[in-house]
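Notes follow the structure.
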Amino acid sequence: MMGGKFHERSRAEASQSGRTFGMAEALMTWANLSRSRGTNPVITVLLVSPFASDHVAVQEVFSYLGWELNTAYDCTEALAFMQQACAPVVICGSDFRDGNWKTLLQACAGMPEPPRLLVSSRLADPDLLDEARSLGAYSVLASPLDSREIEVRVQMAWHSWQREWRSIKAVPAVR
86 MMGGKFHERS RAEASQSGRT FGMAEALMTW ANLSRSRGTN PVITVLLVSP FASDHVAVQE
146 VFSYLGWELN TAYDCTEALA FMQQACAPVV ICGSDFRDGN WKTLLQACAG MPEPPRLLVS
206 SRLADPDLLD EARSLGAYSV LASPLDSREI EVRVQMAWHS WQREWRSIKA VPAVR
């Protein structure tokens with residue numbers, strides 16, 4: 086199930102594995118930081134990660150913030166979602182069983198209002214950042230994720246998307 090709905094298999098898989106990959110802890114800290122900051126805008130994000138624990142952690146944080154989270158476990162699910170709905174920000178891992186971040190970036194580039202793509206990688210070094218930015222990704226996030234970095238980058242990506250695409254729609258057509 087996508088479209089803001091939480092994958093039920095996420096909760097079951099995460100509880101069975103008992104493993105986290107750094108994101109859960111970082112995002113719980115993020116939620117605590119955001120509590121003290123007041124109301125945030127509703128931000129819609131597509132998370133593409135093969136790890137159930139990532140989905141559980143991000144869902145809990147986004148639910149608390151009132152943000153909309155759509156989830157996918159691989160490129161196929163992510164591409165199916167992106168054909169049906171709009172998510173201004175996409176957070177994706179670097180590799181999947183059926184593609185990688187470049188697969189998603191290429192798909193995003195062909196969309197009428199391309200989302201901002203944030204690549205999450207445990208090997209987030211300057212070379213990956215240079216490659217991702219030169220190919221059109223918005224930014225790279227190092228894993229384990231830092232809660233403040235996540236909050237800032239997601240909000241910056243969302244605001245960047247809003248400025249580009251919502252300002253274009255606000256301009257009246259010239260007759």
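So for the sequence shown, my numbering puts the first residue at 86; every next one is plus one.
Note that the Cβ used here is the ideal one computed from N, Cα and C, for glycine as well.
DSSP, read as helix, strand or coil, puts I128 in coil. Taken through DSSP and simplified to helix, strand or coil, E153 comes out as strand. Listed in chain order, the non-local C-beta contacts of E234 below 6 Å within the same chain number zero, local neighbours out to five positions each way being set aside.
For W186, same chain residues with a beta-carbon under 6 Å away, outside a window of 5 residues either side, are C177, S179 and V204 in chain order. Each residue's CA atom was taken as its position, placing S206 and E216 some 13 Å apart. Residue range W186 to A194 is occupied by the alpha helix (DSSP H) that includes C193, with no beta strand (DSSP E) assigned at that position.
The beta carbon of V239 sits closer than 8 Å to the beta carbons of I128, V130, V174, I176 and L203 from its chain, once the five residues preceding and following it are set aside; these are given in chain order.
Considered as a whole, the region 219-250 harbours 224-227 as its complete beta strand (DSSP E) runs of no fewer than 3 residues, in chain order. Our two residues, A163 and V237, have alpha carbons roughly 23 Å apart in a direct line.
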